[in-house]
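J.: Residue numbers (my numbering): 224 to 803.
(1) Is DSSP giving residue 765 helix, strand or coil here?
(2) Can you tell which of 357, 241 and 545 has its C-alpha closest to the C-alpha of residue 465?
(3) Roughly how many angstroms separate the alpha carbons of residue 549 and residue 503, rounded to a whole number?
(4) Counting C-beta neighbours from all protein chains within 10 Å, is the total for residue 747 16 or more, i.e. buried, or is it exposed?
(5) Quick check: the Cα distance between residue 283 and residue 374, rounded to an integer number of angstroms?
(6) Between which two residues does the alpha helix (DSSP H) holding residue 523 run?
(7) Touching or not, the segment 435–443 and the segment 406–420, by the rule of three or more beta carbon pairs under 8 Å?
(8) What is the rounded straight-line gap between the Cα of residue 335 and the Cα of residue 291?
(9) Tell me where the beta strand (DSSP E) around residue 566 begins and ends.
(10) Distance, Cα to Cα, residue 623 vs residue 739?
(11) Within the segment 231–280, note down every full alpha helix (DSSP H) run reaching 4 residues or more, in order along the chain.
(12) Below 8 Å on the Cβ atoms is my guess for residue 702 versus residue 716; work out the distance and round it to an integer in Å.
(13) Quick one: Cα of residue 569 to Cα of residue 590, how far?
(14) When DSSP builds the beta bridges, which residues end up paired with residue 209?
(15) Just list the alpha helix (DSSP H) runs in the segment 291–349, keeping only unbroken ones of 4 residues or longer that don't cross its boundaries, in chain order.
(16) What's the call for residue 369, buried or exposed, on a 16-neighbour Cβ count within 10 Å?
(17) Whole angstroms is fine: what's the gap from residue 253's alpha carbon to residue 308's?
(18) So residue 363 is in the alpha helix (DSSP H); what residue range does that whole segment cover?
(19) How many Å lie between residue 608 and residue 522 at the Cα?
(20) Which same chain residues, not among the five before or five after residue 659, have their C-beta less than 7 Å away from its C-beta?
(21) Taking its Cβ as the centre, do 16 or more other Cβ atoms sit within 10 Å of residue 404, making it buried, or is it exposed?
(22) Considering residue 757, what are the terminal residues of the beta strand (DSSP E) in which it resides?
(23) Quick check on the burial criterion: 16 or more other C-beta atoms within 10 angstroms. Buried or exposed for residue 328?
(24) Would residue 383 and residue 407 qualify as a contact pair, given that the criterion is a beta-carbon distance under 8 Å?
(25) Once the 5 residues before and after residue 317 are set aside, which same chain residues still bring their CB inside 6 Å of it?
(26) DSSP state of residue 414, grouped into three classes?
(27) Rounded to whole angstroms, what's the CA-CA distance from residue 693 to residue 732? Just pull it up for me.
(28) Quick check on residue 543: does DSSP put it in helix, strand or coil?
(29) With DSSP run on the structure shown, which of helix, strand or coil describes residue 777?
(30) So residue 395 and residue 376 are supposed to be a Cβ contact under 8 Å. How far apart are they, rounded?
(31) Applying the 10 Å Cβ sphere with the 16-neighbour rule, what's the burial state of residue 271?
(32) For residue 401, write down the residues that DSSP places opposite it in a beta bridge.
(33) Please report how far the alpha carbon of residue 572 lies from the alpha carbon of residue 520, in whole angstroms.
(34) Between the C-alpha atoms of residue 669 and residue 372, what's the straight-line distance to the nearest angstrom?
(35) Do you know whose CA, among 364, 355, 349 and 392, lies nearest residue 378's CA?
(36) What are the start and end residues of the beta strand (DSSP E) that includes residue 741?
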């Protein structure tokens, strides 16, 4: 039980426990015997009643009672009084068991099973729930059962929302009430129920409610979690968007038997892939599922989705992912023709791509790139396949700005697909975030206040269409302070700091140019090596999103503090294409 200290056992208690266990074993043996022989007499049922009163988690006893319950109902000849008596007795037994342990999975499940038969009144259930929730407001079994009963009673989400308000008014630390409130509000806004159609008005009221709780007790975590949920609702777009792709729109690729070369930058940037194939990657703003040959058209040469299998680059306990990959192949191409193959990609021309939160990809995106097929040149093969790369600083030369600006950086900015339907931050979103930033500056002395302010500043920068991280230095400073103030959570703050730092590096053209290098002298035999993005010596512990790294052919992550990333590159310098 929450907040109740355990007592140290004494010899007398141990002796009593041993005697109780012996009686329990004998009782279990009798009930199991009745179960095997299908004995459903009053005496047999009384034994099972005694067993579940002592041990509410004995699911075999509950299963026996289900069989006995159905047996007795069939013998009642549909007599209303007999049916009512059987139901009331079963509910009485469950209630006694729950008073013994009101966190018993088996007892709650059995009560749901009895009521699902629709033979009894459910009016008493809300009263019973209030008794249990008064004893322990955070009992998630009771909250789950309440949602079950509300559905049986056709009780509206609005009424249930008012119930959570009453509980929060009594105790702002009721985490379960805050959580249930978030579930109910999500449903109400999704269904556009009257009074909940204007998202800005709904969220503004909720911010006022939770702010009152936070300023009442800044150390209580319940309100802070709810505030984090509100922040996510404020900045998150409903429908997922296609953020980037590789190859990018307008790219011109040359495909060799064992490598792919990007002719849209100079010198040529080479990707090592299987013979005659290369990957096509789509990166979405949210984790989605349903990316397949029905929802994504890939047309190249005479092929239309022929044999293409889309796979998520990574998933976590679900089928949804942000990045999806397939392999394009040109097995029948004439390697001496240098024929150009335009590849046309259409995403979302029909419904089927859906986010984890249930919203469909609603825009149709179209982009084109060109692939040329060419035989392997001996000198290129010797120049790039034999010599081993030496990863010392003296072997890397900073790219000339005038050279990179017109090629690599221009291509990098093409990755952000300019969809004319892409939403711009609404005025109400910016207004809410600005208002919250003002309030939480007053709580910046406490660690949770600093963390929330860092999240608000990050959200504000994300809402701005310019893509510039206006508050990045302030955010980085807040995370540095948090690492000092709260050592037990140092790694979390360090990871968040790393993500913001990397975004800062990648969002500035000047910063990006300072990290683009060629391997050795441009006039050497190593001309065939791809351009390298050096993100070394940044003390990064986490990479975060790979959306802005899809254009990278060689990535230097040495001298960082990485534990793991999606591609499993652990502080190594390796060609990025080898991870695909």
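Glycine included, each C-beta is placed from N, C-alpha and C at the ideal position.
T.: Reading it off the structure:
(1) coil
(2) 545
(3) 5 Å
(4) Its pLDDT being 45, under 50, residue 747 is placed unreliably by the model, and the measurement read from it follows with that caveat. By the 10 Å Cβ count, residue 747 comes out exposed.
(5) 28 Å
(6) From DSSP, residue 523 is part of no alpha helix (DSSP H) but of the beta strand (DSSP E) over 519–523.
(7) no
(8) 17 Å
(9) 563–570
(10) 9 Å
(11) 234–259 and 265–277
(12) 5 Å
(13) 7 Å
(14) What is shown of the chain runs 224 to 803, which leaves residue 209 out entirely.
(15) 303–323 and 328–338
(16) buried
(17) 25 Å
(18) 363–375
(19) Bear in mind that a pLDDT of 47 at residue 608, under 50, signals an unreliable position, so the model cannot answer this.
(20) 430 and 679
(21) buried
(22) 755–757
(23) exposed
(24) yes
(25) 330, 333 and 334
(26) coil
(27) 15 Å
(28) coil
(29) strand
(30) No, residue 395 and residue 376 are not in contact; Cβ-Cβ is about 28 Å, not under 8 Å.
(31) buried
(32) For residue 401, which the question treats as bridged, DSSP gives no partner whatsoever.
(33) 8 Å
(34) 41 Å
(35) 349
(36) 739–742
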